[in-house]
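These protein sequences, in sequence, are chains C and W.
Per this note's numbering, the first sequence starts with residue 1, numbered consecutively.
Per this note's numbering, the second sequence starts with residue 1001, numbered consecutively.
Heads up, the thing below is written out as structure tokens.
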Amino acid sequence: MVLYLAKRLLEMIPTLLGITLISFFIIHLAPGKPTDILTELNPKITPEARERLEKIYGLDKPVIVQYGLWLKRIVRLDFGESFSTDRRPVMEKIWDRKQPLLDRRLFITFMLNLLSMVIIFLVAIPIGITSATHQNTLYDRITTTGVFIGFAMPSFWLALLLMMLFGVYLDLLPISGLKSMNYDSLSVAGRIWDRLSHLILPVFVSSFGGLAGLSRYMRSNMLEVIRQDYVTVARAKGLPENEVIYRHAFRNALLPIITLLGLSVPGLIGGSVIFENIFGIPGMGQLFYMSVMTRDYTMIMGILTIGAILTLLGNLLADLGYMLADPRIRTK
Amino acid sequence: MKNGKLRNLFWKRFRQNRLAVAGGIIVVGLFLIAVLAPFLSPYSPNDIDRKHILEPPSLAHPFGTDDLGRDILSRMIYGSGISLSVGFVAVGIATAIGMVLGAVSGYYGGWPDRIIMRFIDIMLSIPTFFLILAVIAFVDPGIWSIGGLPVWLKKILQRIPFIDPSIMNIMVVIGLTSWMGVARLVRAEFLSLKEREYVLAAKALGASDLRIIFRHIMINSLAPVLVSAILGIAGAVLVESALSFLGIGVQPPAPSWGNILELGKNNIEIAWWLSVFPGLAILITVLGYNLLGEGIRDSIDPRLWETERH
């Protein structure tokens, strides 16, 4: 088992290298030099100053050397300085040690995604199981229709509609940010509710799409498993239906789901660009969007790499979960 | 079984699936709307009318007007052409790349396979939306219009109304970041088909690799590729509208469902019609393609025919 894990970890290294190579390549598709963004805003800049700037960023060297230098720095998680006006280190903008944990961008994005994943898991699996055990009933048809609509629903449109309904017309929930302006003057209970009420809409929206996919997948897995011989045997020996479904069938139908959860990580992280932007959440997705708009190239490279590392970690966790759940892999 | 008989069986199965037929009707209807846009839309999509700004739906403007007094219905009708052309071209690019890489990978195996599979893993590990945004940020839209595309493709694209560099950019970027699924699918088909006796027979007769790949194996893996392409169009329409909604997709004044929704967000407190109608159009379009794709998949899968005969 340790060997298997070590092998998986080793396999991640070339993938990681490839990711950095692609990130680097994309940035160099841009016409001109990254420093143009800095010099464009300052028409009075002299050619000498320009050259000096290029030297600082190593842009006077061949691309391969630049890649090597960049790689050497990111191994130490040093992504350089942001190109935006504040000039702060990229890492500090993503993970600001001076701020409380709850306000760090990476933590916010991570927690939101984790929360959505837990909700997807908790809601989709029961739906999938029950619609499989009640195949072709009204309930099954309703959930199947819901799934089709869920697949087709643009998440940002759902967000807009909910913001309109709950934020504007009913005025029940806040629609922007993670806490209110008067947060610091609230009591402890007030603060907790304030945080929670800001989370309801974003978490609902970001888990909605995944809900459809996972419950559909769970349903078809379950349908397949129920038809297996060992389930018939369990029934034949007189076990109550609940025990057959939840002890014998459920566990085996759950296995492929673990892989699916791992695979859904890049989609969730990527999706955070959309809903963090809509709901004004100060996470990594929002930062990425702002960096794209200002062509802040060190920032973009940094976030691309970190997003990919998170994805790989998600896959690794899924592998681990799979191993814990499936004795056949464990004993290998 | 003869070809004609198989086709009849397919149609019979397809017609029985009411949802799939509904999907097909939606898809054909959208296509007609896009093609007939100049005749269907009551106004020109870019007619600015300063006297009728942000008006709610009325008889004159069934879906209301936007912040420049433009008719939303007309903009949505023209927007359908843009959404669909983005969907088709992006999926065309993705399918072409996926088929070539999948075929090479599955047919030759060995180190080409290992390299291509690793490349797919890498592409899948970068959050898709991050990748798309990064490419859009750094690729100058001009390169597609100057010389990035083959002439014949450019000629076709120029015939579609309102194609500007921002739209070309979106098409290519979505295409370049969504081929991985097709590649895996085609690879799997090749792995299972290349050991079949008819392929071995063709080899024994001295057929070239290219001939075997295209004439014998690719032909037989087209059905699942078609299904994934139809589902891919739905995905591309969703991505395009999300990008346009974020303001980095189709650029105004070119109309797109996504960029009308962006206006909806900016006017969320006063103009619900800007948010409701375009989103509904996206939902229906994606639903249509999904239903059609899944319907075709069910109708061509012989395993599903068997189960029903019992």
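Every residue, glycine too, gets a C-beta built ideally from N, C-alpha and C.
All of these numbers come straight from a predicted model, not from anything done at the bench.
- Its chain contains R251, L254, L255, I258 as the residues whose beta carbon lies nearer than 8 Å to that of A325 of chain C, once the 5 sequence neighbours on both sides are disregarded; these appear in chain order.
- Less than 8 Å divides the Cβ of S207 of chain C from the Cβ of S116 of chain C.
- Taking a contact as a CB-CB distance under 8 Å, the pair A1103 of chain W and M1218 of chain W counts as one, their CB atoms being some 6 Å apart.
- With contacts defined as CB atoms closer than 8 Å, I1132 of chain W and I1174 of chain W qualify as a contacting pair.
- Per the C-alpha coordinates, the member of C:Y322, C:G270, C:A49, C:M290 positioned closest to T1177 of chain W is C:G270.
- For T1285 of chain W, the closest alpha carbon among the candidates W:M1076, W:R1015, W:F1138 is that of W:M1076.
- For I1296 of chain W, the enclosing alpha helix (DSSP H) starts and ends at 1272-1300.
- Comparing C-alpha distances from V1276 of chain W to each of W:G1288, W:I1260, W:L1287 shows the shortest one belongs to W:I1260.
- At least 8 Å separates the beta-carbon of P14 of chain C from that of L112 of chain C.
- The C-alpha of E276 of chain C is placed about 27 Å away from the C-alpha of L1054 of chain W.
- Per the C-alpha coordinates, the member of W:G1264, W:I1082, W:P1165, W:W1111 positioned closest to A159 of chain C is W:G1264.
- A direct Cα-to-Cα measurement between W1111 of chain W and E11 of chain C gives close to 16 Å.
- For D1121 of chain W, the neighbours in chain C by C-beta distance under 7 Å run, in chain order, T15.
- Straight through space, the alpha carbons of Y67 of chain C and W1179 of chain W are spaced by roughly 26 Å.
- Each residue's CA atom was taken as its position, placing D1066 of chain W and L102 of chain C some 39 Å apart.
- Under the Cβ distance rule, V168 of chain C counts among the residues neighbouring chain W, one pair being separated by less than 8 Å.
- Beta-carbon to beta-carbon, A1242 of chain W and G1258 of chain W are separated by about 7 Å, close enough to satisfy the 8 Å threshold.
- The C-beta distance from I1026 of chain W to S1080 of chain W rounds to 11 Å, too long to meet the 8 Å contact threshold.
- Under the 10 Å beta carbon count, A1201 of chain W is surrounded by fewer than 16 other beta carbons and is classified as exposed.
- Taken through DSSP and simplified to helix, strand or coil, D60 of chain C comes out as coil.
- Using a 10 angstroms sphere on the CB of E1240 of chain W, the tally of other CB atoms reaches 16 or more, which defines it as buried.
- Annotation for P202 of chain C: the continuous alpha helix (DSSP H) segment containing it runs 188-226.
- Close to N1290 of chain W, with beta-carbon spacing below 7 Å, are these residues of chain C in chain order: F148, F151, A152.
- Between the C-alpha atoms of L173 of chain C and N1267 of chain W there is a straight-line separation of about 18 Å.
- From the beta-carbon of V1286 of chain W, the residues of chain C found nearer than 9 Å are F151, A152, M153, P154.
- Partner residues in the beta bridge of D1071 of chain W, as assigned by DSSP, are W:T1065.
- As the crow flies, the alpha-carbon of S1125 of chain W is around 18 Å from that of I27 of chain C.
- The beta carbon of V1035 of chain W is closer than 8 Å to those of G1081 in its chain, skipping five residues each way along the sequence.
- Within chain C, P154, F156, I274 have C-beta atoms less than 7 Å from the C-beta of A1242 of chain W, given in sequence order.
- Interface criterion met: the Cβ of F1245 of chain W is under 8 Å from a Cβ in chain C.
- Under DSSP, no beta-bridge partner is assigned to E1055 of chain W.
- The criterion of a C-beta distance shorter than 8 Å is not satisfied by P1127 of chain W and T298 of chain C.
- Note that the region 1088-1106 of chain W does not touch the region 285-295 of chain C; fewer than 3 beta-carbon pairs, one per stretch, sit closer than 8 Å.
- D1049 of chain W and S1074 of chain W have their C-alpha atoms roughly 13 Å apart.
- Your pair L162 of chain C and V205 of chain C checks out as a contact, with CB atoms roughly 7 Å apart and the cut at 8 Å.
- Only L1261, G1264, K1265, I1268, E1269, W1272, S1275, G1279, I1282, L1283, V1286, L1287 from the region 1257-1288 of chain W bring a Cβ to less than 7 Å from some Cβ of chain C.
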